[in-house]
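Please read the structure below before turning to the comments.
Protein chains: 2
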Amino acid sequence: MSGATPRPPSRRTRMSRAARERQMLDVAEQVFGEHGYQAASMDEIAERCGVSKPMLYEYFGSKDGLLVACVTRSKAELLDVTQKAMAAATTPEDILWRGMVAYFSFIDSHSKSFAMLLREPTAATPQTAEAVEATRRQQSTLIAGVLATFAPSAPADVIEAYTQIIMGASERMALWQTSRPDVSAEDAARYMTDFCRQGLSPYLTPAPPRPCAEAPREPR
Amino acid sequence: MSGATPRPPSRRTRMSRAARERQMLDVAEQVFGEHGYQAASMDEIAERCGVSKPMLYEYFGSKDGLLVACVTRSKAELLDVTQKAMAAATTPEDILWRGMVAYFSFIDSHSKSFAMLLREPTAATPQTAEAVEATRRQQSTLIAGVLATFAPSAPADVIEAYTQIIMGASERMALWQTSRPDVSAEDAARYMTDFCRQGLSPYLTPAPPRPCAEAPREPR
DNA sequence: CGCGTAACCTACTGGGAGTAAGTTACCCGG
DNA sequence: CCGGGTAACTTACTCCCAGTAGGTTACGCG
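Residue numbers (full-length UniProt numbering), protein chains in the order written: chain A, 1 to 220; chain B, 1 to 220.
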């Protein structure tokens, strides 16, 4: 590697497409994370790559395409991490626990950029929204699978609803965790698994004024 | 156009500031809801108001300011609706139930624009993010209050975490509900309250392989 | 009736997304 | 070593839209 010396100025290093794309995704993820999608400019991303703007368009088509590519890469990484974590589990509860820890750890390490993804989905075109939604679907499938194992007696609509609940709760929890440095990924995972397992019941008063007959009825 | 306009040419009605502002907010809420924040153009909003763009800037300062004003108005409305609903309740469970129904009903009726708010928070400036976050804080306060009543024995960190969980779950549930016409606001509320009350425990297998000693530990 | 002011306008600037068309460096077969 | 083909890269634009400067009209009111 004679010319691979890390010198930013003067000498422009010409890169292979694959390498340049990877670098662009790294830079884009960072810039999007710093300013948010809308405020990030393609010129800035190009400049930080040491390259001119049309290259970005050559490789990713549009600003939106660049975001989609970032999302897609993260999605793959997240899926990989969570699946690997869950594969090591034995009981359903353990699956849930390990999955949650993996999820919160992942977001913890990618916090800035991933928080952006969670809050800024529909940036411009439906394309982006679709990519983010695809990530959710992927996670949903995973969760729904766990739920089905966890609760084989639950009807489909309840599984679906609870999957959504868990998705939303996890995302909010992740966002909250990034703003609370004293809350570790394990803490977040524990809150989630505890809540999923029993809800509020551990804290209910021992003699609750809860006539089950007239309460908003049981899940059918 | 060839003069086929349904309204007479001199119809340019001059309005009081208050009335015009209200109209602008109505139109903006609709346009933002239709296209999303980023894709919505100030020119279109102005045109639909039958007014020119600088008027919008005169009254709201910026595109962002307009969004913030929309959010603020919706926030007040939502708070009003949920508080009124909860005031009529008797037991803590009833509070939760009524609050949830009110929340989902509100979003159901404002679906397009409110879904936009839920998914598109950090549009441009921190100002907008702040306004949306303020709405969340308001709701969080409400929820945390209910939780404290519901579960007086729960420690503060659990209350905080569970509040976030419920917030996130509700938002996701609301989004899901808008895409599922067969799910009513009451259905959504029922899923939520059931999950909050007991989590997954009703569906757990009667003889669960759950050694509590090594399981991710209980909420402290 | 005229005068102050608030509602409203036309016509512009500026910045960033996206593009057309040209230039340079690297690889590879003679 | 040498051309030439192609992939990496550039300059220099266009267009669209947020935001603005400054002027114009209509309404209330003394």
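Ideal Cβ positions, reconstructed from N, Cα and C, are used throughout, including at glycine.
Check                                                                                                                                                                   : Outcome
Reducing DSSP to helix, strand and coil, say where Pro8 (chain B) ends up.                                                                                              : Model confidence at Pro8 (chain B) stands at a pLDDT of 37, short of 50, so the residue's coordinates are unreliable and nothing is read from them.
Rounded to whole angstroms, what is the Cα-Cα separation between Met173 (chain A) and Val101 (chain A)?                                                                 : 12 Å
Helix or strand or just coil, what does DSSP make of Gly50 (chain A)?                                                                                                   : coil
When the Cα atoms are used, what is the spatial distance from Trp176 (chain B) to Ser16 (chain A)?                                                                      : 43 Å
For Ala197 (chain A), would you say it is in contact with chain B, using Cβ-to-Cβ distances shorter than 8 Å as the test?                                               : Here residue 197 (chain A) is Arg; the residue named in the question, Ala, does not match the sequence. Yes, Arg197 (chain A) counts as interfacial toward chain B.
How should Lys84 (chain B) be labelled, buried or exposed, when 16 other C-beta atoms within 10 angstroms of its C-beta is the threshold for buried?                    : exposed
Apart from the five residues on each side of it in sequence, which residues of its chain come closer than 7 Å, Cβ to Cβ, to Leu79 (chain B)?                            : Gln138
Quick one: does Tyr203 (chain A) have its CB under 8 Å from some CB of chain B?                                                                                         : yes
Could you tell me if Asp182 (chain A) is buried or exposed, where buried requires 16 or more neighbouring beta carbons within 10 angstroms of its beta carbon?          : exposed
Measuring only the C-alpha atoms, how far is Gln38 (chain B) from Thr149 (chain B)?                                                                                     : 41 Å
Assuming Ala18 (chain A) is part of the alpha helix (DSSP H), what are its boundary residues?                                                                           : 17 to 35
In whole angstroms, what is the alpha-carbon distance linking Pro202 (chain B) and Val158 (chain A)?                                                                    : 12 Å
Take Cys212 (chain B) and list the residues in its own chain whose beta-carbon comes closer than 7 Å to its own, dropping the five residues that flank it on each side. : Only weak support exists for where Cys212 (chain B) lies, its pLDDT of 37 falling under 50; the value from the coordinates is given anyway. Closer than 7 Å at Cβ, skipping near neighbours: no residue.
Below 8 Å on C-beta distance, what does Ile165 (chain A) contact in chain B?                                                                                            : Ala169, Arg172, Met173, Tyr191, Met192, Phe195
Cutting at 8 Å between CB atoms, please list the residues of its own chain near Ser74 (chain B), excluding the five before and the five after it.                       : Glu29, His110, Ser113, Phe114, Leu117, Thr135
Return the CA-CA distance between Met167 (chain A) and Asp43 (chain A), expressed in angstroms with no decimal places.                                                  : 35 Å
What residues from the segment 13 to 41 of chain B come within 9 Å of chain A, judged by C-beta to C-beta, listed N to C?                                               : Gly36, Tyr37, Gln38, Ala39
Are any of the Cβ atoms in chain A nearer than 8 Å to that of Ala88 (chain B)?                                                                                          : no
Which first and last residues belong to the alpha helix (DSSP H) in which Val71 (chain A) is found?                                                                     : 63 to 87
Going straight from the alpha carbon of Asp187 (chain A) to that of Leu142 (chain B), what length do you get?                                                           : 24 Å
What in chain B is Cβ-close to Ser153 (chain A), meaning under 7 Å?                                                                                                     : Tyr203
Going by DSSP in three states, Glu92 (chain B) sits in which element: helix, strand or coil?                                                                            : The sequence as given places Pro at residue 92 (chain B); Glu does not occur at that position. It is helical.
What would DSSP say about Leu200 (chain B), mapped onto helix, strand or coil?                                                                                          : coil
Are the C-beta atoms of Pro209 (chain B) and some chain A residue less than 8 Å apart?                                                                                  : Residue confidence for Pro209 (chain B) is low, a pLDDT of 42 falling below 50, so the modelled location carries little weight; the figure read from the coordinates is stated next. Closer than 8 Å to some Cβ of chain A, the Cβ of Pro209 (chain B) qualifies, so yes.
Using the beta-carbon of each residue, which ones in chain A are nearer than 7 Å to Ala144 (chain B)?                                                                   : Ordered by position in chain A, no residue passes the 7 Å Cβ test against Ala144 (chain B), which lies about 13 Å from the chain.
May I have the straight-line CA-CA distance separating Gln23 (chain A) from Leu56 (chain A), to the nearest angstrom?                                                   : 11 Å
With 8 Å set as the bound, which would you pick, yes or no: does the beta-carbon of residue 229 (chain B) sit closer than that to a beta-carbon of chain A?             : Residue 229 (chain B) is absent from the model: chain B starts at 1 and stops at 220.
Applying the 10 Å Cβ sphere with the 16-neighbour rule, what's the burial state of Thr13 (chain B)?                                                                     : exposed
Whose C-alpha, out of A:Ala129, A:Arg190, A:Val71, A:Phe104, is nearest the C-alpha of Gly33 (chain A)?                                                                 : A:Val71
Indicate whether at least one CB of chain A lies closer than 8 Å to the CB of Tyr57 (chain B).                                                                          : no
Once the 5 residues before and after Ser52 (chain A) are set aside, which same chain residues still bring their CB inside 8 Å of it?                                    : Ala46
Any C-beta of chain A sitting closer than 8 Å to the C-beta of Ala131 (chain B)?                                                                                        : no
What is the DSSP secondary structure of Val183 (chain A), counted as helix, strand or coil?                                                                             : coil
Locate the alpha helix (DSSP H) running through Gly172 (chain A), then write down its first and last residues.                                                          : Just to set this straight, residue 172 (chain A) is Arg in the shown sequence, not Gly. First-last of the alpha helix (DSSP H) with Arg172 (chain A): 156 to 178.
Under three-state DSSP, which class holds Ala151 (chain A)?                                                                                                             : coil
Taking 7 Å as the cut-off, is the beta-carbon of Arg172 (chain B) closer than that to any non-hydrogen atom of the ligand GDP?                                          : You won't find the ligand GDP in this model; it holds no ligand whatsoever.
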